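Chemist: Going by the UniProt record's numbering, the residue at position 141 of the sequence shown is 141; the numbering climbs one at a time, nothing skipped. What follows is a single structure, and I will ask about it in a moment.
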Amino acid sequence: MNPHAKLMSTLSLLTGTTITISSNHWMMAWTGLEINTLAIIPLISKPHHPRAIEAAIKYFLVQATASALVLFSSMINAWSTGQWDITQLNHPTSCLLMTVAIAMKLGLVPFHFWFPEVLQGSSLTTALLLATMMKFPPITILFLTSHSLNPVLLTTMAIASAALGGWMGLNQTQMRKILAFSSISHLGWMTIIIIYNPKLTLLTFYLYSLMTATVFLTLNSTKTLKLPTMMTSWTKTPMLNATLMLVLLSLAGLPPLTGFLPKWLIIQELTKQEMTATATIITMLSLLGLFFYLRLAYYSTITLPPNSTNHMKQWHTNKPTNTSIAILTSLSVLLLPLSPMILATT
């Protein structure tokens, strides 16, 4: 890809995200979302391959529909209330349309169909952007409008997302699809708590982005796209695969790793809101996700490939150490003891 085009796309992504998260007027938020959509499409279709072109078209159609719904919802609200402020979403039809639009943008059930396909058609670095940075503006809009949205509808969508994300991830062999269903499952956890404690949703999103970035960068470093490749990658980079196992278990939410913190706080908050049954259901559904994370961890470090590899195990390599992966891995695994400080700053 032309460096100038890549720079333009990257700057447009940053600009679009900044406009959306800092705006309080619906038209500005919509403009930021549109800039984001148009900026990521060249990055998705960069490999001139039918899968990449298909992914770019699917992404464009879904995001364009969602943007139209955002505009339609805000116009109905402005028509009935006379104001364009994001926090003043009062009209019932507007609230419903906005929930649908944000669910489409994020890939929540039942509007999740595009997400695994688009991730599978993208490169690992673009998939990382789609799974983390591109979800930040919609999450921000959800954060600002959370007090106006329907709790029953959001809870239903959240439980369905957690269930489907775990269930569909069980049978996958492609790494990007597994991480896409993992993302859908995590979005369920974020959505279920948005009305009762919006700051906790943002904390969950930050920690999820941190762990997902670590996994994607590690996979990109070892050039792993599917499970069989993961079996043989441990001979090239044993230490990286060992830390990948810890990050995957953190993403599953096992104590004493970082990923346990948001799940623990969400269950605690749901119990405080007298939603013990909901907390129990979503906790049980996270076991589905735990199964495929354990399978990934098993593949990355424990399972030997059917055929022996031809090269020796390289404990000392001449490759330069990737500092960003080292820092992200440390944060993805070791933040739980710092939880009082994290909670004090959020």
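Virtual Cβ for every residue (Gly too), placed ideally from N, Cα, C. If you're wondering where the values come from, they're calculated on a predicted model, not measured in any experiment.
Go ahead and pull the three-state DSSP assignment for K226.
Modeler: One-based indexing of the sequence shown puts residue 226 at position 226. DSSP places K226 in strand when its eight states are reduced to three.
Chemist: Assign R51 to one of two classes, buried (16 or more other C-beta atoms within 10 Å of its C-beta) or exposed (fewer than that).
Modeler: Looking up residue 51 in the sequence shown gives position 51. Exposed is the call here.
Chemist: Take F291 and list the residues in its own chain whose beta-carbon comes closer than 7 Å to its own, dropping the five residues that flank it on each side.
Modeler: For the purposes of this step, residue 291 is taken as the residue at position 291 of the sequence shown. The residues are L170.
Chemist: What is the residue span of the alpha helix (DSSP H) that K272 lies within?
Modeler: The residue you call residue 272 lines up with position 272 of the sequence shown. Here the alpha helix (DSSP H) through K272 covers 260 to 272.
Chemist: Would H25 be called buried (16 or more neighbouring beta carbons within 10 Å of its own) or exposed?
Modeler: Counting from 1 along the sequence shown, the entry for residue 25 is found at position 25. H25 comes out exposed.
Chemist: Is the stretch 54 to 62 touching the stretch 144 to 159 in the sense that three or more CB pairs, one from each, lie closer than 8 Å?
Modeler: no
Chemist: Looking at the unbroken alpha helix (DSSP H) that takes in M284, where does it start and where does it end?
Modeler: Counting from one through the sequence shown, the residue named residue 284 turns up at place 284. Note, M284: alpha helix (DSSP H), 276 to 301.
Chemist: Can you tell me whether A344 is buried or exposed, with buried defined as 16 or more other CB within 10 angstroms of its CB?
Modeler: Stepping through the sequence shown from its first residue, residue 344 is reached at position 344. Answer is exposed; the Cβ neighbour count stays below 16.
Chemist: Please classify M231 as buried or exposed, where buried requires at least 16 other C-beta atoms within 10 Å of its C-beta.
Modeler: The sequence position of residue 231 within the sequence shown is 231, counting from 1. M231 should be labelled buried.
Chemist: For A242 and Q172, what's the separation of their Cα atoms in angstroms?
Modeler: For the purposes of this step, residue 242 is taken as the residue at position 242 of the sequence shown. For the purposes of this step, residue 172 is taken as the residue at position 172 of the sequence shown. Straight-line Cα distance between these residues: approximately 22 Å.
Chemist: Buried or exposed for G197, going by 16 or more other Cβ atoms inside 10 Å?
Modeler: Within the sequence shown, residue 197 is the residue found at index 197, counting from 1. Reading off the sequence shown, one finds Asn at residue 197, where the question assumed Gly. Classification of N197: buried, given that the 10 Å Cβ count is 16 or more.
Chemist: According to DSSP, is H91 part of a helix, a strand, or is it coil?
Modeler: Mapped onto the sequence shown, residue 91 falls at position 91. In this structure, H91 counts as coil in the three-state DSSP scheme.
Chemist: For H186, does the three-state DSSP call read helix, strand or coil?
Modeler: Position 186 of the sequence shown, counted from the first residue, corresponds to residue 186. Reduced to three states, the DSSP call for H186 is helix.
Chemist: Compute the Euclidean distance between the alpha carbons of S339 and L203, then round it to the nearest angstrom.
Modeler: Within the sequence shown, the letter at position 339 stands for residue 339. Within the sequence shown, the letter at position 203 stands for residue 203. Those two C-alpha atoms are separated by around 11 Å.
Chemist: Could you compute how far the alpha carbon of T214 sits from the alpha carbon of I325?
Modeler: The count along the sequence shown starts at 1 and reaches residue 214 at position 214. The count along the sequence shown starts at 1 and reaches residue 325 at position 325. Each residue's alpha carbon lies about 6 Å from the other.
Chemist: So, are the CB atoms of G259 and L217 less than 8 Å apart?
Modeler: As a position in the sequence shown, residue 259 is number 259, starting the count at 1. As a position in the sequence shown, residue 217 is number 217, starting the count at 1. The answer is no: Cβ separation not under 8 Å.
Chemist: Nearest-angstrom Cα distance between M245 and N90?
Modeler: What you label residue 245 is simply residue 245 of the sequence shown in a count that begins at 1. What you label residue 90 is simply residue 90 of the sequence shown in a count that begins at 1. CA-CA distance, M245 to N90, rounds to 46 Å.
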